[in-house]
Amino acid sequence: MSVFPEGSMSGEYLPTFNFHENSVDPHNVVIVNAFGFRENSDGTKIPGPMNEALAAFTDEHFSDRPILVSPDIAPALQTEPRRVLELNSTSGSLDTLKDPKNTGTAGELLQARAFMREENYTTAIIIAHAFHVARVARMAQKLDIVTAIPDGLPKEFDPESAQEWTRSREEWVKRERLTIGYMILRRMM
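Numbering (the working numbering), first residue to last: 6 to 194.
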């Protein structure tokens, strides 16, 4: 098994910088991907503790940069995002992906790439759950986005998440094995 799937299954990943070395290019954008959400009794989405943790991490470390954020995190973010990404995107496709519409992480990354091209950015700091970040970064790299991954990303799970695969490590690993296989077959990473 390669380092990538292991990181996606274990929550261990190789950060490309740490905050004490000031090794991050100041011209980077930040892409913040959601990890689960909760639903109110009326069915409306709320960020939930994992997305709140990702928002707090972003606010603490990257409030001075352009932020492209998942709509499931945006309400928890204190910093004004540069753009809230849509969950359903029709902004293009990965080169070998035949579907004209992408959802979730793939759709958000396609929108981020379009924004980065418009604004002449080349590098993105990827903020995601520790178990999710390896796949997000690999997918971004497939779209020719140079990625930087910080250390210290949240890695807890939310037992009350509306997305069952984000409730526990066991549920995440079951789904992620299938997701990684699908993404590789579709050449999305």
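Beta carbons: idealized from backbone N, C-alpha and C, even for Gly.
request  = Per DSSP, which residues does E44 bridge with? Please list them.
outcome  = DSSP output for E44 lists K50 as bridge partner(s).
ask   = Got a sec? Which residues, its chain only, sit under 7 Å from K160 by beta carbon, not counting five neighbours each side?
value = Within its own chain, the residues whose Cβ lies closer than 7 Å to the Cβ of K160, once the five positions on either side in sequence are excluded, are G16, H134, A135 and F136, listed in chain order.
query = Under three-state DSSP, which class holds R118?
reply = Reduced to three states, the DSSP call for R118 is helix.
key: Limits of the unbroken beta strand (DSSP E) element including T184   = Membership of T184 in any beta strand (DSSP E) is not indicated; the residue belongs instead to the alpha helix (DSSP H) covering R174 to L190.
task = Express the C-alpha separation of E124 and F42 in angstroms, rounding to a whole number.
result = Within the model, the alpha-carbon separation for F42 versus E124 is close to 30 Å.
request  = Output the distance between the C-alpha atoms of I78 and E181, rounded to the nearest integer angstrom.
outcome  = Straight-line measurement puts the Cα of E181 at about 21 Å from the Cα of I78.
query = Between N33 and A117, which are expected to be in contact by the criterion C-beta below 8 Å, what is the C-beta distance as a whole number of angstroms?
reply = The beta-carbon separation of N33 and A117, rounded to 12 Å, does not stay under the 8 Å limit for a contact.
ask   = Going by the C-beta, is V74 closer than 7 Å to any heavy atom of the ligand SAH?
value = The model on display carries no ligand, and the ligand SAH is accordingly not part of it.
query = Near S166, which residues of its chain fall below 8 Å by C-beta distance, leaving aside the five closest residues on each side in sequence?
reply = Cβ within range, chain order: G41, F42, R43, G53, M55 and R172.
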